[in-house]
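S.K.:
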Amino acid sequence: MPVDAGAFVHETALVENGASIGPSTSVWHHAQIRAGADIGARCVIGKGVFVDVNVAIGDDCKLQNYACIYHGSRIGRGVFVGPHAVFTNDRRPRATNPAFAPLRDGDWTVGTIVVEDGASIGANVTLLPDIRIGRWAMVAAAAVVSADVEPYALVVGCPARRVAWLCRCARRVDDAKRSCAQCGPLPPDHPLIGKS
112 MPVDAGAFVH ETALVENGAS IGPSTSVWHH AQIRAGADIG ARCVIGKGVF
162 VDVNVAIGDD CKLQNYACIY HGSRIGRGVF VGPHAVFTND RRPRATNPAF
212 APLRDGDWTV GTIVVEDGAS IGANVTLLPD IRIGRWAMVA AAAVVSADVE
262 PYALVVGCPA RRVAWLCRCA RRVDDAKRSC AQCGPLPPDH PLIGKS
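Structural data, given as structure tokens:
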């Protein structure tokens, strides 16, 4: 699917042939969308965002200025990606082999990052490859994530670690009451439901 007629692409943005952009999505100043990238409907792709080849981005996502999403990444629906966040794809990066010959595509293994529906990735976060960020999880600003993040978890630091459970509204939940002060009882898929 090509760029939908209802999408907005700023004149300074570069959208390569073979990329697809859904209806009511906005691609802003100096963003670059590579061939094979698939961006859903009603997304906002901020200034200077880089979306690499074959990256999949679901509907209703917001990628803030200068986020870099490298190939091997898949982003679900309603995901927030803060400014300057980086989704990496190589656990053992090198520019050359031991004989100083440049590495080319196929000379290294592409790692993967999956971000599930509703999750939030804060400003200046670095995600290392071969991880999954669970639905409705939140990664705090400047964290470095090197392992999976559970659904509804709030993680902080370097390396990132869980410090709280969240509601879908992004507020911390009362673990003992298994409820959110704003939303009430937690949904049935929340990790705290069923725990004794």
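Residue numbers (our numbering): 112 to 307. A virtual CB, placed ideally from N, CA and C, is assigned to each residue, including glycine.
Alpha carbon to alpha carbon, what distance is there between residue 305 and residue 170?
M.R.: 31 Å
S.K.: Should residue 227 be labelled buried (16 or more other beta-carbon atoms within 10 Å of its own) or exposed?
M.R.: It counts as buried.
S.K.: Cα-Cα, which of 255, 214, 286 is closest to residue 197?
M.R.: 255
S.K.: CB-CB under 6 Å to residue 179, same chain, minus the five flanking residues each way: which ones, in chain order?
M.R.: So the qualifying residues of the chain are 161, 197.
S.K.: Assign residue 136 to buried or exposed, taking buried as 16 or more other Cβ atoms, counted over all protein chains shown, within 10 Å of its Cβ.
M.R.: buried
S.K.: Which residue wins for smallest C-alpha separation from residue 149, given the options 119, 163, 246, 303?
M.R.: Of 119, 163, 246, 303, the residue nearest in Cα terms is 163.
S.K.: According to DSSP, is residue 137 part of a helix, a strand, or is it coil?
M.R.: strand
S.K.: My assumption, with CB atoms under 8 Å, is that residue 132 sits in contact with residue 155. Please give the rounded CB distance.
M.R.: Your pair residue 132 and residue 155 does not check out as a contact, with CB atoms roughly 12 Å apart and the cut at 8 Å.
S.K.: Can you confirm whether the segment 269-277 touches the segment 239-257 when touching is taken to mean that 3 or more C-beta pairs between the two stretches lie within less than 8 Å?
M.R.: yes
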